[in-house]
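What follows is one structure encoded as structure tokens, with my remarks underneath.
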Amino acid sequence: MAYALVALGFVLALNAAGAVNFAHGDLVVLGGAVAMFIGVRIGLPGVALLPLVAVALGVAGIVAAQVAILPLASRPPEATFIATIALAAVIEQALTLAMAGAPGSTPAIAGSGSLEIEGLALGRQPLAIVVISAVLVLAVWLLLERTQTGRRMRAVAADRHMAQAVGISVGRYVTLSLALAGALAGTAGVLLGHQFLVQPTQGAGYMLKAYMAVALGGWGSVPGALLGAIAIGSFETFVSTGLGETWASAALYVGVLLILSLRPQGLFGEPGGRRA
Amino acid sequence: MTAVLQVGQLSVEAGEIVALLGGNGAGKTGLLETVLGFRPGRALLFGNDVSSLPVEQRVLLGVGYVPAGRRVFASLTVRENLEASCALPLPERRRLTDEMLASFPMLAERPHARAWLLSGGQQQMLALARALMNRPRLLLLDEPTLGLAPRVVGDLLERLGTLAAERCAILLAEQRAGLALRAATRGVVLSRGRIVRQGSAVALAADAELADLMAGG
Amino acid sequence: MLAINRFWLVVLIALPVVALLALPGFGQRMVVLIGIYGLLGVGYQLTFGQLGMLNLAQGAFFGLGAYAAALTAPALGAFALLLGVVAAAVPAALVAVLTLRLQSHYFALATLALASLVSLVAVNAEGLTGGANGLAGFAAALPRGPVLMGLVWGCLIAAVVLHAWVFSGPIGEQASLLRQAPLVAATLGIDPGRFRVTAFVFGGALAGLAGAFSASLSGVVSPEAAGFPLMVLCLSLVVLGGARHAMGAVIGAILAVCLPELLRDLQGAWLLGYAIITLVVVRWAPEGLASLVDQARGMTQTPASAPQAPATAPPASHHQQLTLQRVSKRFGGVDALRDVSLTVRRGEILGLIGPNGSGKTTLLNVVSGLERPDSGSILLDKTHLEVLPAHRIAQAGLARSFQAVMRAGESKSSDLARALTRGAAFLLLDEPAGGMGERERRQLAGLLRRLREQGYGILIVDHDIDLLSSVCDRLICLDGGHTIAEGPPAAVRADQRVRASFLGLADAA
Numbered sequence: 000m001a002y003a004l005v006a007l008g009f010v011l012a013l014n015a016a017g018a019v020n021f022a023h024g025d026l027v028v029l030g031g032a033v034a035m036f037i038g039v040r041i042g043l044p045g046v047a048l049l050p051l052v053a054v055a056l057g058v059a060g061i062v063a064a065q066v067a068i069l070p071l072a073s074r075p076p077e078a079t080f081i082a083t084i085a086l087a088a089v090i091e092q093a094l095t096l097a098m099a100g101a102p103g104s105t106p107a108i109a110g111s112g113s114l115e116i117e118g119l120a121l122g123r124q125p126l127a128i129v130v131i132s133a134v135l136v137l138a139v140w141l142l143l144e145r146t147q148t149g150r151r152m153r154a155v156a157a158d159r160h161m162a163q164a165v166g167i168s169v170g171r172y173v174t175l176s177l178a179l180a181g182a183l184a185g186t187a188g189v190l191l192g193h194q195f196l197v198q199p200t201q202g203a204g205y206m207l208k209a210y211m212a213v214a215l216g217g218w219g220s221v222p223g224a225l226l227g228a229i230a231i232g233s234f235e236t237f238v239s240t241g242l243g244e245t246w247a248s249a250a251l252y253v254g255v256l257l258i259l260s261l262r263p264q265g266l267f268g269e270p271g272g273r274r275a
Numbered sequence: 000m001t002a003v004l005q006v007g008q009l010s011v012e013a014g015e016i017v018a019l020l021g022g023n024g025a026g027k028t029g030l031l032e033t034v035l036g037f038r039p040g041r042a043l044l045f046g047n048d049v050s051s052l053p054v055e056q057r058v059l060l061g062v063g064y065v066p067a068g069r070r071v072f073a074s075l076t077v078r079e080n081l082e083a084s085c086a087l088p089l090p091e092r093r094r095l096t097d098e099m100l101a102s103f104p105m106l107a108e109r110p111h112a113r114a115w116l117l118s119g120g121q122q123q124m125l126a127l128a129r130a131l132m133n134r135p136r137l138l139l140l141d142e143p144t145l146g147l148a149p150r151v152v153g154d155l156l157e158r159l160g161t162l163a164a165e166r167c168a169i170l171l172a173e174q175r176a177g178l179a180l181r182a183a184t185r186g187v188v189l190s191r192g193r194i195v196r197q198g199s200a201v202a203l204a205a206d207a208e209l210a211d212l213m214a215g216g
Numbered sequence: 000m001l002a003i004n005r006f007w008l009v010v011l012i013a014l015p016v017v018a019l020l021a022l023p024g025f026g027q028r029m030v031v032l033i034g035i036y037g038l039l040g041v042g043y044q045l046t047f048g049q050l051g052m053l054n055l056a057q058g059a060f061f062g063l064g065a066y067a068a069a070l071t072a073p074a075l076g077a078f079a080l081l082l083g084v085v086a087a088a089v090p091a092a093l094v095a096v097l098t099l100r101l102q103s104h105y106f107a108l109a110t111l112a113l114a115s116l117v118s119l120v121a122v123n124a125e126g127l128t129g130g131a132n133g134l135a136g137f138a139a140a141l142p143r144g145p146v147l148m149g150l151v152w153g154c155l156i157a158a159v160v161l162h163a164w165v166f167s168g169p170i171g172e173q174a175s176l177l178r179q180a181p182l183v184a185a186t187l188g189i190d191p192g193r194f195r196v197t198a199f200v201f202g203g204a205l206a207g208l209a210g211a212f213s214a215s216l217s218g219v220v221s222p223e224a225a226g227f228p229l230m231v232l233c234l235s236l237v238v239l240g241g242a243r244h245a246m247g248a249v250i251g252a253i254l255a256v257c258l259p260e261l262l263r264d265l266q267g268a269w270l271l272g273y274a275i276i277t278l279v280v281v282r283w284a285p286e287g288l289a290s291l292v293d294q295a296r297g298m299t300q301t302p303a304s305a306p307q308a309p310a311t312a313p314p315a316s317h318h319q320q321l322t323l324q325r326v327s328k329r330f331g332g333v334d335a336l337r338d339v340s341l342t343v344r345r346g347e348i349l350g351l352i353g354p355n356g357s358g359k360t361t362l363l364n365v366v367s368g369l370e371r372p373d374s375g376s377i378l379l380d381k382t383h384l385e386v387l388p389a390h391r392i393a394q395a396g397l398a399r400s401f402q403a404v405m406r407a408g409e410s411k412s413s414d415l416a417r418a419l420t421r422g423a424a425f426l427l428l429d430e431p432a433g434g435m436g437e438r439e440r441r442q443l444a445g446l447l448r449r450l451r452e453q454g455y456g457i458l459i460v461d462h463d464i465d466l467l468s469s470v471c472d473r474l475i476c477l478d479g480g481h482t483i484a485e486g487p488p489a490a491v492r493a494d495q496r497v498r499a500s501f502l503g504l505a506d507a508a
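Chains A, B and C are the protein sequences, given in the same order. Position 31, counted from 1, in the first sequence is what numbering that gives the first Met the number 0 calls 30; the numbers after and before it change by one each time, with no gaps. Position 191, counted from 1, in the second sequence is what numbering that gives the first Met the number 0 calls 190; the numbers after and before it change by one each time, with no gaps. Position 277, counted from 1, in the third sequence is what numbering that gives the first Met the number 0 calls 276; the numbers after and before it change by one each time, with no gaps.
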């Protein structure tokens, strides 16, 4: 379910910047790392960390875009490809150095132990993750669908030039979208970092899952990305319980390759013919 | 009285409808883009030199744009297209959107439909309504009648007349000279980026060389 | 003649020689490693550098080569190296064919999935790959020391020289066109699929060879050989050195191997520094460091040659007539073309006029194969074109120039010239006069007349009626997708229906 947050941030950044940000997964790890750092130094409870990390990563998202995406908008797509991959490497290496090889985990949001509901024992932490993720997704949905800001963000994503021609300051909304994408990534990092630890090398894995979710759900479609993420998460869980995590991942990769070779236009085609 | 728009040799006064004529490649779209700021070039809007202003700021001064191909925000609904284009705060914005929908019955039929589902004529009306959301004093239209049914064309031109009567300045770029000149007060013919003929709409319509000038590219 | 200038060739030969003669064992190993990374990089230059393919699988091919060599070395000795190549080339071919038609953002994902899969297998298939610990103890049968140095650098020099030579000729220009303007490339008969598969397979094979050599060098193969960091390293070294420069991979490899040594005190920070340098280079020196060295030495890179004055030799093809019979095309409820028929013979110029939205560009697209007609036939003599893909139509004898798609810095005339040098007998010209001044238009008119005399058949779309009237034998006027007039220019211009169409006095159809 936290994957949904990652995928959501990924697709928002994609729509705003018009390019794939290969460093998105590393923003997730960065979020976890920041949470660890603050949690240790200041000793805040898990829940209070979330808004702090969100803000910090919102800024990081903007910086990342200013460094590796926006200045290269008029260059061929290979340029942002290289730049965001290099940026991902920069973040990963910086984190490796900062963490000095000792992976840690983020503080739990809801404490350990489980809740008894209708005779089913549900872990409190996983439950908290699902609830918080759902709340955030809902909040973003409300923002996009029900507020003027969200409408303007969508207009900018739909047609940048025309958005300017109706008086929308495109730069401001692109920045906002990218900040939101960063904040979502960071939050996901805090949530995922408890169960999965925080390791600098995880960035590539998170990014790959978000990429797959967006390809599966329809390139550039926000609800599609969410559905894709949920589908991938469910598929993973399903196969894992039967055959273990490794086989789940392998099945995922083979599945993606098969789908792409059988349907070169993506699983659901592309709304309005977008390009990465 | 100062012209609402002055770009190169072309000027448009409040309450005028000026037809901007010429074949493809004649430079009509280029001129409109220069006025808006998508292309570099000197332009005077409402008496001020706006050459250094970015597009969105010029628009907020009071310019509405109905581009070639309509270009409505495809994934937004009709209502959202209008609201997103309005810079006013909430209560006025909602009221204005309601008013706009009321004055465009074609749009009021399905305010919550996604814009890509609309027919060509409906999208054209939406593009016009969207351009009017900021109460422009200058309206720029690029080939709005392309592919429209005659009835819709008539409706569109009638609305332009009403807007002009309300002192809006209108620059209407068109390939179909006959149509444009019927609605306009003045006409300007472009060829290869330069003005080759100007005059009243009546005079131009009667000009025997008009077809050749238009076809010159 | 070798397309790589002597300075670099000397560097390439001197490096291994000097290393063998003057460096201690440790230094020699570094130079072998430079050679290995260089091979990896040259392979990547084929797909990423020359064709702009967003390939993330190069590291996986390196790993496949390394593991294959390690596994077969005890049995095959030095021939295990060849097996390394095969173990990479075969999956590369398979993946290339499967991913042919993918757009770049999906292609990147497919290669990423492949790379992740290989990495996963390397770590987890303990029985085969030794799992996280990898394989060891196989290197006794593989080349070591000076022999390995000679092999690696021999292969590298061959690869660099071949790469430079192949891409300095027409293949280089075709690749460049494919990278920057794929539509134009297709209409010139360049088969994108064949280019991409070939580049991907050769690139993968070189990576496999590099991997096999690395197994030889270190005597150990671990999952790092197929990991993502290696992919990033490969990408970085190619970008730093220069993605399209002959020496790009080698320069990048030198940096990649020497930097960790130079920055030894900073421990793991060298990778960070390397990534930052890559970012800086992408933003401010996109052509890479090898180009900067060339510039510093006062050498400018020769741009891919494009003929300036169009060559006007008679066409090589023997086709006599291009015919359209009742061609129709709808786009979502709108009739772009309705029952359009026309004929163009050799030595004839036919002009196509009509207002915006009349179907002219659609007609050219349908004839050149960028769109399929819904009904009707397009014939070059007796050959049906409407069933062929664009590059085959071009190869059959039809060439097209484009309205606005041009490579930066080139003039319209080279766009036309490119169309002519294909030897096609029939030319489709899409608004060639767009943006031209008076003098250029007169020159264009003269060129068109010369072409007609030499026996070309030309179908030309333009808005400049004066130009068309002066060069065309016949004009056809389209409106709303069908033909409303056809005949000699003067007659068509005077035709009432044509005049009405241009003035828009006739509403809709």
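Glycine included, C-beta positions come from ideal geometry on N, C-alpha and C.
Within-9 angstroms CB hit, C/SER145 to chain A: Residue mapping note: residue 145 of chain C aligns to position 146 of the third sequence, counting from 1. According to the sequence displayed, residue 145 of chain C carries Pro and not Ser. Under the Cβ criterion of 9 angstroms, C/PRO145 is not counted among the residues facing chain A.
query: Does the distance from the CB of B/LEU31 to the CB of B/LEU170 come in under 9 angstroms?
result: The residue you call residue 31 of chain B lines up with position 32 of the second sequence. The residue you call residue 170 of chain B lines up with position 171 of the second sequence. Less than 9 angstroms separates the beta-carbon of B/LEU31 from that of B/LEU170.
- request: Could you give the DSSP three-state label for C/SER400: helix, strand or coil?
  value: For this step, residue 400 of chain C is matched to residue 401 along the third sequence. C/SER400 falls in the strand class under three-state DSSP.
query: In whole angstroms, what separates the C-alpha of C/VAL280 from that of A/THR79?
result: Working through the third sequence from its first residue, we reach residue 280 of chain C at position 281. Working through the first sequence from its first residue, we reach residue 79 of chain A at position 80. Computed Cα separation, rounded: 12 angstroms.
query: Are the region 185-199 of chain B and the region 106-120 of chain C touching by the rule of at least three beta carbon pairs closer than 8 angstroms?
result: Contact fails: fewer than three Cβ-Cβ distances are below 8 angstroms.
task: Measuring only between beta-carbons, confirm whether B/LEU145 sits less than 9 angstroms from chain C.
output: Translated into positions along the second sequence, residue 145 of chain B becomes position 146. Interface residue, yes.
message: Can you find the residues in the same chain that come closer than 7 angstroms, C-beta to C-beta, to C/ARG448, ignoring five residues on each side of it along the sequence?
response: Translated into positions along the third sequence, residue 448 of chain C becomes position 449. Correct list, in chain order: VAL470.
Identity of the residue in B/GLY120, B/GLN197, B/ARG166 nearest B/GLY61 by Cα: Position 62 of the second sequence, counting from 1, holds the residue named residue 61 of chain B. Of B/GLY120, B/GLN197, B/ARG166, the residue nearest in Cα terms is B/ARG166.
- prompt: Mind checking if A/SER168 is an interface residue toward chain B, Cβ cutoff 9 angstroms exclusive?
  reply: For the purposes of this step, residue 168 of chain A is taken as the residue at position 169 of the first sequence. By this cut-off, A/SER168 is an interface position.
field: Neighbour-count burial assignment, B/GLY7, 16 or more Cβ in a 10 Å radius
entry: Translated into positions along the second sequence, residue 7 of chain B becomes position 8. Exposed: under 16 other Cβ atoms inside 10 Å.
message: For C/VAL339 and C/ALA484, what's the separation of their Cα atoms in angstroms?
response: Counting from 1 along the third sequence, the entry for residue 339 of chain C is found at position 340. Counting from 1 along the third sequence, the entry for residue 484 of chain C is found at position 485. In this structure, the alpha-carbon of C/VAL339 lies about 11 angstroms from that of C/ALA484.
- request: State the Cα-Cα distance for the pair C/SER290 and A/ILE37, rounded to the nearest angstrom.
  value: By one-based count along the third sequence, residue 290 of chain C stands at place 291. By one-based count along the first sequence, residue 37 of chain A stands at place 38. The alpha-carbon atoms of C/SER290 and A/ILE37 are separated by roughly 45 angstroms.
field: B/LYS27: first and last residue of the uninterrupted beta strand (DSSP E) it sits in
entry: Reading the second sequence from its first residue, position 28 is the one you call residue 27 of chain B. First-last for B/LYS27: 27-35, but that is the alpha helix (DSSP H), not the beta strand (DSSP E).
query: Using the beta-carbon count (16 or more within 10 Å), is C/ALA490 buried or exposed?
result: In the third sequence, the residue the question calls residue 490 of chain C occupies position 491. Around the beta carbon of C/ALA490, fewer than 16 other beta carbons lie within 10 angstroms, which makes this residue exposed.
task: Could you pull out every residue in the same chain whose Cβ sits closer than 6 angstroms to the Cβ of A/ALA212, ignoring the five residues on either side in sequence?
output: What you label residue 212 of chain A is simply residue 213 of the first sequence in a count that begins at 1. If we look at A/ALA212 and ignore the five residues flanking it on each side, its Cβ neighbours are ALA6, ALA224, GLY227, ALA228, ILE231.
field: Exposure of B/GLY46, with buried meaning 16 or more beta-carbon neighbours within 10 Å
entry: Taking the first residue of the second sequence as 1, we reach residue 46 of chain B at position 47. So B/GLY46 ends up on the exposed side.
query: Roughly how many angstroms lie between the CA atoms of C/GLY368 and A/SER233, to the nearest whole one?
result: Taking the first residue of the third sequence as position 1, residue 368 of chain C is located at position 369. Taking the first residue of the first sequence as position 1, residue 233 of chain A is located at position 234. Cα to Cα, the separation comes out at about 44 angstroms.
message: Taking the alpha-carbon of A/VAL255 as reference, which of C/ALA107, C/ASP293, C/LEU271, C/PRO181 has the nearest alpha-carbon?
response: As a position in the first sequence, residue 255 of chain A is number 256, starting the count at 1. The residue with the shortest Cα to Cα distance from A/VAL255 is C/ALA107.
- prompt: Counting pairs of beta carbons, one from the region 80-88 of chain A and one from the region 269-277 of chain C, are three or more of them closer than 8 angstroms?
  reply: Pairwise C-beta distances place the region 80-88 of chain A in contact with the region 269-277 of chain C, as three or more of them are shorter than 8 angstroms.
task: Report yes if the CB atom of C/MET230 is closer than 9 angstroms to the CB atom of C/LEU362, and no otherwise.
output: Your numbering for residue 230 of chain C matches position 231 in the third sequence. Your numbering for residue 362 of chain C matches position 363 in the third sequence. C/MET230 places its beta carbon 9 angstroms or farther from that of C/LEU362.
field: Reference B/GLY24; option with closest CA among C/VAL460, C/ALA225, C/ASP478, C/GLY479
entry: As a first step, residue 24 of chain B is located in the second sequence; it is residue number 25 there, counting from the start. By alpha-carbon distance to B/GLY24, the top candidate from C/VAL460, C/ALA225, C/ASP478, C/GLY479 is C/VAL460.
- prompt: Ordered along the chain, which non-local residues of its own chain (more than five positions away) have a Cβ less than 8 angstroms from that of A/VAL169?
  reply: In the first sequence, the residue the question calls residue 169 of chain A occupies position 170. Only residues of its own chain outside the window of five on either side were considered, and among them VAL155, ARG159, ALA162, GLN163 have a CB closer than 8 angstroms to the CB of A/VAL169, listed in chain order.
- request: Could you name each continuous beta strand (DSSP E) segment of 3 residues or more that falls completely within the region 85-165 of chain B, going from the start of the chain to the end?
  value: Counting whole runs of 3 or more residues, the region 85-165 of chain B contains the beta strand (DSSP E) stretches 137-141.
query: Quick one: what does DSSP say C/SER500 is sitting in, helix, strand or coil?
result: Along the third sequence, read from residue 1 onward, the residue named residue 500 of chain C stands at position 501. Looking at C/SER500 - three-state DSSP - the assignment turns out to be helix.
message: With a threshold of 6 angstroms on Cβ separation, who are the neighbours of A/LEU183 within its own chain once the five nearest residues in sequence on each side are excluded?
response: Numbered from 1 along the first sequence, position 184 holds the residue referred to as residue 183 of chain A. The answer, listed in chain order, is LEU4, LEU7, GLY8.
field: 9 angstroms Cβ cutoff met for C/ARG30 and C/ALA18
entry: Position 31 of the third sequence, counted from the start, is the residue given in the question as residue 30 of chain C. Position 19 of the third sequence, counted from the start, is the residue given in the question as residue 18 of chain C. In the sequence on display, residue 30 of chain C carries Val and not Arg. With contacts defined as CB atoms closer than 9 angstroms, C/VAL30 and C/ALA18 qualify as a contacting pair.
query: Skipping 5 residues on each side, what residues in its chain have a beta carbon closer than 8 angstroms to that of B/LEU219?
result: Because chain B in this structure spans residues 0 to 216, residue 219 of chain B falls outside the shown range and cannot be described.
- prompt: What residues in the region 164-180 of chain B bring their beta carbon closer than 8 angstroms to a beta carbon of chain A?
  reply: Correct list: empty, as no residue qualifies.
message: So with CB distances below 9 angstroms, who are the chain A contacts of B/LEU59?
response: One-based indexing of the second sequence puts residue 59 of chain B at position 60. Taking a Cβ-Cβ threshold of 9 angstroms, the residues of chain A close to B/LEU59 are GLY166, in chain order.
- prompt: On the three-state DSSP scale, how would you describe A/ALA187?
  reply: Indexing the first sequence from 1 puts residue 187 of chain A at position 188. A/ALA187: helix per DSSP, three-state reduction.
field: C-beta neighbour in chain C for B/ALA210, strict 9 angstroms
entry: For this step, residue 210 of chain B is matched to residue 211 along the second sequence. Output row for B/ALA210: interface = yes.
task: Measure from the alpha carbon of C/LEU511 to the alpha carbon of each residue in C/ILE3, C/ARG5, C/GLN27, then state which is nearest.
output: No answer is possible for residue 511 of chain C: it lies beyond the span of chain C, which begins at 0 and ends at 508.
message: Cutting at 7 angstroms between CB atoms, please list the residues of its own chain near C/PRO73, excluding the five before and the five after it.
response: As a working note, residue 73 of chain C is residue 74 in the third sequence. Only PHE137, ALA140 meet the Cβ criterion.
field: Near-chain C residues of the region 13-40 of chain B (beta-carbon distance less than 7 angstroms), N- to C-terminal order
entry: For the region 13-40 of chain B, the set of residues with a beta-carbon nearer than 7 angstroms to any beta-carbon of chain C comprises GLY22, ASN23, GLY24, in chain order.
- request: Please specify which runs of the beta strand (DSSP E), each continuous and at least 3 residues long, are wholly inside the region 129-159 of chain C, giving them in chain order.
  value: Counting only runs that start and end inside the region 129-159 of chain C, there is no beta strand (DSSP E) element of at least 3 residues.
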